[in-house]
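Worksheet for the structure shown next.
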Amino acid sequence: MSELAQRYNQIVEQVASSASSSGRSAKDITLVVVTKNHPPQLVFDLIALGARDFGENRDQEAAPKAKEVLATSSEAMRWHFIGQLQTNKVRSVLEYANLIHSLDRESLLVELQKRTSERTSPLGVFVQVNLTEDPARGGVRVNDLEGFATKVLESQGLRLEGLMGVGGLDKDPSVEFEKLAGLSAKLQNLAPEAKGLSMGMSSDFEVAISFGATHLRIGTAITGKRP
1 MSELAQRYNQ IVEQVASSAS SSGRSAKDIT LVVVTKNHPP QLVFDLIALG
51 ARDFGENRDQ EAAPKAKEVL ATSSEAMRWH FIGQLQTNKV RSVLEYANLI
101 HSLDRESLLV ELQKRTSERT SPLGVFVQVN LTEDPARGGV RVNDLEGFAT
151 KVLESQGLRL EGLMGVGGLD KDPSVEFEKL AGLSAKLQNL APEAKGLSMG
201 MSSDFEVAIS FGATHLRIGT AITGKRP
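Residue numbering for the sequence shown follows the UniProt record's numbering, beginning at 1 and increasing consecutively.
So this is what it looks like as structure tokens:
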């Protein structure tokens with residue numbers, strides 16, 4: 001068994017174990033393998049292992065990679081754009097991304113509305129929330145969340161999946177995960193179907209699961225060190 005297979009299988013097992021410990025089913029959790037800075041071959045190898053959801057954060061790298069994989073593989077898969085999205089990259093990203101996890105500001109919402117208004121099926125989006133008082137961190141401020149979410153719900157070409165957040169690097173991630181879970185519960189009063197919680201990475205995904213994460217963004221714990 002390859003090292004990649006060992007790492008992937010271990011994470012799948014840990015996700016299942018953590019879900020069970022929280023009284024949840026692993027079937028309700030989407031494992032997004034973050035393949036940034038890795039070649040298309042790694043994606044093909046992961047597909048062979050059973051992975052179907054892949055995350056990228058830079059369109060310059062993701063666009064040609066996704067194009068090659070989609071043109072070659074017959075397997076159904078989903079591409080998740082998880083990084084800050086520049087408005088001038090929206091058109092390119094929409095050519096391959098099935099979900100966007102980082103809707104974080106008004107200007108991006110306007111551009112997405114324009115580019116998706118005539119889609120036959122809406123684009124799934126997560127609203128990224130700034131869980132800190134640091135304006136330098138991306139995301140919609142907590143006080144602005146309800147109004148922003150309402151605008152997303154009114155967008156014909158968008159489907160609000162839920163919320164996205166990143167745990168703090170220098171603190172217990174459970175504090176921010178608990179906060180995001182609380183915001184998610186409030187959001188569901190406004191949008192009952194928006195139950196998604198995109199949170200949890202290689203170092204804290206087990207904690208995220210305990211607070212209700214539905215989408216995990218895991219990179220190095222599966223892919224190994226980037227070349």
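Yeah, the Cβ is synthetic: ideal placement off N, Cα and C, and Gly gets one too.
Are there 16 or more other CB atoms within 10 angstroms of the CB of residue i, so buried, or fewer, so exposed?
i	result
GLY224	exposed
VAL140	buried
PRO173	buried
ASN57	buried
GLU193	exposed
GLU161	buried
ALA76	exposed
THR116	buried
GLN128	buried
GLU13	exposed
GLY50	exposed
Where DSSP assigns a beta bridge to residue i, which residues make up the other side?
i	result
GLN128	MET164
GLU56	PHE81
ARG141	ASN130
LEU123	LEU158
HIS101	None; HIS101 has no bridge partner.
Going along the chain, which residues of its own chain have a beta-carbon closer than 7 Å to the beta-carbon of residue i, five neighbours each way excluded?
i	result
THR87	SER107, LEU108, GLU111
ARG226	ASN37, HIS38
Leaving aside the five residues before and after residue i along the sequence, list all residues of the same chain whose C-beta is less than 8 Å from its C-beta, in chain order.
i	result
GLY23	none
GLY157	LEU112, GLN113, ARG115, THR116, SER117, GLU118, ARG119, PRO122, LEU123
In angstroms, rounded to a whole number, what distance separates the CA positions of residue i and residue j?
i	j	result
SER203	ILE222	11 Å
ASP53	LEU183	25 Å
LEU216	ILE82	11 Å
VAL33	PHE148	28 Å
SER74	GLU68	12 Å
LYS89	ALA63	10 Å
GLN41	THR35	10 Å
LEU85	SER2	34 Å
Leaving out five residues before and five after residue i in sequence, what residues of the same chain have Cβ atoms less than 6 Å from its Cβ?
i	result
ARG137	ASN130
Between residue i and chain C, is there a C-beta pair that is closer than 8 Å?
i	result
ALA149	Protein chains in the displayed structure number just one, and chain C is not present.
Does any heavy atom of the ligand FMN sit closer than 7 Å to the C-beta of residue i?
i	result
VAL152	For the structure depicted, the ligand FMN is absent and the ligand set is empty, with no information on it obtainable.
What ranges does the alpha helix (DSSP H) occupy inside the stretch 157-213, keeping only unbroken runs of at least 4 residues that lie completely in it? 173-190, 205-210
Run through the stretch 14-72 for me and flag every whole alpha helix (DSSP H) of 4 or more residues, listed as ranges in chain order. 40-49, 59-72
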